[in-house]
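Structure first, commentary second.
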Amino acid sequence: MREYGGCLPLELKKLNTDFFPGFDYVALNSGRNAIAYAALAGGFKSCYIPYYTCKTVEAGLQEVGVEVKYYNIDEQLMPIEPEGGFDDRALFVYTNYFGIMTHVMQQDIIAEHSHVLFDNTQGFFTKPMRGTYSAYSCRKFFGVADGAYLVGDKLTRLDIPTGESADAAGFLLKAIEAGPNAAYAMSKDNEEHINVEGMAYMSKLTEAMMGGIDLASVNEKRIANFNRLHELLGELNELKPVLENGAPMVYPFLFEKEGLREMLVENKIYVPRWWRWIEESKETNSFEKKLSKYLVPLPITQTYDTGDMDYIAGVLLRHIK
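So in this note's numbering, the last one in the sequence shown is 1128, and the numbering has no gaps at all.
Structural data, given as structure tokens:
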């Protein structure tokens, strides 16, 4: 029964009704659960994931009883075939690193594997491909507490609960009043909430907030910020990223110099170190270890403009040169 009267909720515009026109999709609570959902709903017994990825992907698959297999990547961010080759019956997850996967890379992956899932959690604006799965993360691109999408041609609906995020979303308001760093501890509590919640459909709060985001504007601003950083830093960047598949999550700057990340943090440019364990693992190759140690994921968030990118690049260049 509908309720009337009482306190007023947030007033959110509804701009988006169909995020992936022409495709079927399921709205879930996290990217890792979107990948696990695909494996579970598709009946896959095993799944390949790259060593160079977040440990939560592995954990999500193991939680639903899927055997996890691994592969390395080369300096073009492409899979290296393991001894004995790939099992073509398994689901093959390819990570769209930093959101800079090209169309050629997509086509090469599809040509080599029968059951492909593109992990687009770092590439929300990368379009899905027919005959594949695609997983997207909301909170890596937008100011929401959780949320993800699994996209495919036709998806099975599983009997799982609907998530709840209101009690853990306070960090979003704190970040507005006191800044992102002041809200960091609360945001970590939110991550723990997602981990404990398990696989669930997207909460009503996140669904409402996602419906009010101007996606075209976000895409445009992120691309402009990416291009400005690449204009200023591209000659020094070992990765040489090519942007042709929508706005990425970050500008991935790879430069072999100790202390870059720490220096940026001292200047209130907060950049993470992804997957520290990679550097110590016996299973990872030298390029993967280099990424773990030296990659600096520079923020290109839509709340910044090209002037902010000039400042970030200037801080970096003063330290490098």
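For each residue, glycine too, the CB sits at the ideal point set by N, CA and C.
Here leucine 847 carries a helix assignment [DSSP, helix/strand/coil].
Scanning the segment 902–974 for uninterrupted alpha helix (DSSP H) segments of 4 residues or longer gives 910–919, listed from N- to C-terminal end. Here the segment 1012–1024 makes no contact with the segment 1090–1104; the two share fewer than three CB pairs at distances below 8 Å. The Cβ neighbour count for valine 1049, taken over all protein chains shown within 10 Å, is under 16; the residue is labelled exposed. Annotation: the continuous beta strand (DSSP E) that includes leucine 1105 extends over 1102–1106.
Non-local C-beta neighbours of serine 921 in its own chain, meaning closer than 6 Å and more than five positions away in sequence, comprise Asp895, ordered along the chain.
Take the alpha-carbon of glycine 867 and the one of alanine 989: they are about 29 Å apart. Counting C-beta pairs closer than 8 Å gives three or more between the segment 920–938 and the segment 893–908, which meets the contact rule. In the three-state DSSP reduction, valine 875 falls in the strand class (E or B). Taking the CA atoms as reference points, glutamate 882 sits about 44 Å from leucine 819.
Nearest C-alpha to leucine 884 among Thr1110, Tyr858 and Gly1005: Tyr858. Taking C-beta separations shorter than 7 Å and ignoring five residues to either side along the sequence, the partners of threonine 1113 in its chain run Ala1031, Asn1032 and Arg1035, following chain order. Sixteen is the threshold: since fewer than 16 other Cβ atoms of the shown chains lie within 10 Å of the Cβ of histidine 910, the residue is exposed.
Here asparagine 836 is buried, its C-beta having at least 16 other C-beta atoms within 10 Å. Among the bridge pairs identified by DSSP, aspartate 831 is matched with Gly959.
In the displayed model, serine 837 falls within coil according to three-state DSSP, outside both helix and strand. Around the CB of glycine 813, fewer than 16 other CB atoms lie within 10 Å, so the residue is classed as exposed. Note that the C-beta distance between asparagine 1026 and glycine 1053 is below 9 Å. Its Cα nearest to that of phenylalanine 932, the residue Met1056 stands out among Thr1110, Gln913 and Met1056.
Within the same chain, Cβ atoms closer than 7 Å to the Cβ of arginine 1068 are found at Val1078, Arg1080 and Val1103, the five residues on either side in sequence being excluded.
Of the candidates His1037, Asn1074, Lys1011 and Arg1083, Asn1074 places its Cα closest to the Cα of histidine 1126. Taking C-beta separations shorter than 7 Å and ignoring five residues to either side along the sequence, the partners of lysine 1028 in its chain run Gln1109, following chain order. Distance from threonine 1013 to valine 951 at the Cβ level is roughly 5 Å; contact confirmed, criterion being Cβ atoms closer than 8 Å. For isoleucine 842, the number of other beta carbons within 10 angstroms of its own is at least 16, and it is reported as buried. About 6 Å separates the CB atoms of tyrosine 1101 and phenylalanine 1062; that is less than 8 Å, so the two are in contact.
Contact annotation, lysine 852 with glutamate 874: C-beta distance approximately 6 Å; criterion of less than 8 Å satisfied.
The DSSP-derived three-state label of phenylalanine 1094 is helix.
By the CB criterion at 9 Å, asparagine 1002 and threonine 860 fall outside the cutoff.
In terms of Cβ geometry, tyrosine 832 and leucine 965 do not form a close pair [threshold 9 Å]. With a contact defined as Cβ atoms closer than 8 Å, phenylalanine 830 and proline 935 qualify at about 5 Å.
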